[in-house]
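One structure below.
Numbering (the working numbering), first residue to last: 1 to 291.
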């Protein structure tokens, strides 16, 4: 069975999507429609901007989404997923690819998500840190003992977990996790505490937009971040997407479940190769490719 996976924030690079725009009339049409919906020429930043411009959350998220969904669309009849999943933001790309969301609706939700997350970051200084070389439960237990908000946010692969929360609490956690034997505890250059309770204002704002959007029956199951299980019911998909901003991304568990359910190959659709690397760390025998 073929699994298609869609990357999240951090996979962006200047020049992304330019080849699609120049080689396909259909891709060009979708990119131009996106410029119109967003109210600025995101293609100028994606194709010829600076790293700094592309790094702004309000640009990064729609840029990665557009690259992913237009790439999936350009595969035409070759795009036949048996199952899909997306890492954080990538979940919205996956929902357009498996026809739960219309392209326009997906883009509007991504834009709303990016702006709401940016506002939540500005309201409360916060951060994230990558913890390498410790068991998940050790990280969870140490975070639970610390005063202040700090939680496990991204279960990326065995031995790689990202924590998220208030700056002081994350710094304290990094010290304690290093003492507990972490190979590395590295504070990440991100604008805020994604997938933590500090994203509650963004979750509420995005939740209203999700509730007002039509979710269709998917063409194949989506394995969602919040549960790591296959979902096909549009109401359940909506509920899980609603919970995503304040809940952890269970990527390790998602890949394990997809393999248990019969996935034999994983194709990454979007910029970069991050997810291919994570899949290999979950199961070295898995076949991985880039779209």
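Here a beta-carbon is modelled for each residue, glycine too, at the ideal position from N, C-alpha and C. Since the model is a prediction, treat every value here as computed from it, not as a measurement.
* To do: Give the straight-line distance between the Cα atoms of residue 17 and residue 44, rounded to the nearest whole angstrom.
  => The C-alpha of residue 44 is placed about 11 Å away from the C-alpha of residue 17.
* To do: Give the straight-line distance between the Cα atoms of residue 156 and residue 202, rounded to the nearest whole angstrom.
  => Rounded to whole angstroms, residue 156 to residue 202 spans 23 Å at the Cα level.
* Asked: What did DSSP end up calling residue 106 once you bin it into helix, strand or coil?
  -> DSSP, read as helix, strand or coil, puts residue 106 in helix.
* Using 10 angstroms around the beta-carbon of residue 214, count the other beta-carbons present and answer buried if the total reaches 16, otherwise exposed. => Taking all protein chains shown into account, residue 214 has fewer than 16 neighbouring C-beta atoms within 10 Å of its C-beta and is therefore exposed.
* **Alpha carbon of residue 244 to alpha carbon of residue 193, nearest angstrom** => Distance between the alpha carbons of residue 244 and residue 193: 13 Å.
* Asked: Which stretch, first to last residue, makes up the alpha helix (DSSP H) that contains residue 68?
  -> Unbroken alpha helix (DSSP H) run through residue 68: 57-74.
* C-beta neighbour in chain D for residue 31, strict 8 Å -> The structure shown contains no chain D; it is built from a single protein chain.
* Asked: Which word fits residue 250, buried or exposed, when buried means at least 16 other C-beta atoms lie within 10 angstroms of its C-beta?
  -> That one is buried.
* **Simplified DSSP state of residue 157, which is helix, strand or coil** => Reduced to three states, the DSSP call for residue 157 is strand.
* residue 289 - partner residues in DSSP beta bridges -> BP columns for residue 289 point to 267.
* To do: With DSSP as the reference, please indicate the residues paired to residue 6 in a beta bridge.
  => Answer is 86.
* **Of the listed residues 94, 113 and 55, nearest to residue 209 (C-alpha basis)** => Ranked by Cα distance from residue 209, the options 94, 113 and 55 are led by 113.
* May I ask which residues mark the beginning and end of the alpha helix (DSSP H) holding residue 126? => Unbroken run through residue 126 is the beta strand (DSSP E), 126-132; no alpha helix (DSSP H).
* **Proximal residues to residue 144 (C-beta, below 7 Å), its chain only, five neighbours per side dropped** => Its chain contains no residue whose beta carbon lies nearer than 7 Å to that of residue 144 once the 5 sequence neighbours on both sides are disregarded.
* Does the Cβ-Cβ distance between residue 91 and residue 225 come in under 8 Å? -> Contact flag set, yes.
* To do: Go through its chain and collect everything with a Cβ distance to residue 20's Cβ below 7 Å, but skip five positions before and after it.
  => Within the same chain, and ignoring the five residues on either side of residue 20 in sequence, the residues whose Cβ sits closer than 7 Å to its Cβ are 27, 70, 71 and 74.
* Asked: Expressed to the nearest angstrom, what Euclidean distance is found between the alpha-carbon atoms of residue 177 and residue 142?
  -> Residue 177 and residue 142 have their C-alpha atoms roughly 7 Å apart.
* Using 8 Å as the threshold, is the stretch 29-48 in touch with the stretch 80-96, meaning 3 or more CB pairs across them? -> Inter-segment contact for the stretch 29-48 and the stretch 80-96 is absent: fewer than three beta-carbon pairs are separated by less than 8 Å.
* Going by alpha carbons, who is nearest to residue 161 out of 133, 117 and 8? -> The option with the nearest alpha carbon to residue 161 is 133.
* Asked: With a Cβ-Cβ cutoff of 8 Å, do residue 129 and residue 89 count as a contact?
  -> Taking 8 Å as the cut-off, the Cβ atoms of residue 129 and residue 89 do not count as close.
* Among 167, 107, 100 and 282, which one has its Cα closest to the Cα of residue 235? -> Ranking the options by Cα distance to residue 235, first place goes to 100.
* For residue 125, collect the residues of the same chain with a Cβ closer than 7 Å to its Cβ; drop the 5 residues on either side in sequence, then sort them by chain order. => Within the same chain, Cβ atoms closer than 7 Å to the Cβ of residue 125 are found at 167, the five residues on either side in sequence being excluded.
* Asked: For residue 15, which residues from the same chain have a beta carbon less than 7 Å from its beta carbon, with the 5 sequence-adjacent residues on both sides left out?
  -> Within the same chain, residue 15 has close Cβ partners 47.
* Contacting residues, own chain, Cβ-Cβ under 7 Å from residue 103 (five flanking each side not counted) -> Excluding residues within five positions, the ones whose Cβ falls inside 7 Å are 30, 69 and 96.
* In angstroms with no decimal places, state the Cα-to-Cα distance between residue 264 and residue 64. => In a straight line, the C-alpha of residue 264 is about 26 Å away from that of residue 64.
* To do: Going by CA-CA distance only, name the one from 228, 152, 61 and 281 that's closest to residue 198.
  => In terms of Cα proximity to residue 198, the closest of 228, 152, 61 and 281 is 152.
* So, is residue 289 buried or exposed, given that buried needs 16 or more other C-beta atoms within 10 angstroms? -> With fewer than 16 neighbouring CB atoms inside 10 Å of its own CB, residue 289 falls in the exposed class.
* Cβ neighbour criterion (16 or more within 10 Å) applied to residue 23 -> Flag for residue 23 reads exposed.
* Asked: Alpha carbon to alpha carbon, what distance is there between residue 205 and residue 116?
  -> Between residue 116 and residue 205, the C-alpha separation is close to 7 Å.
* **Per DSSP, the bridge partner or partners of residue 184** => Answer by DSSP bridge pairing, in chain order: 132.
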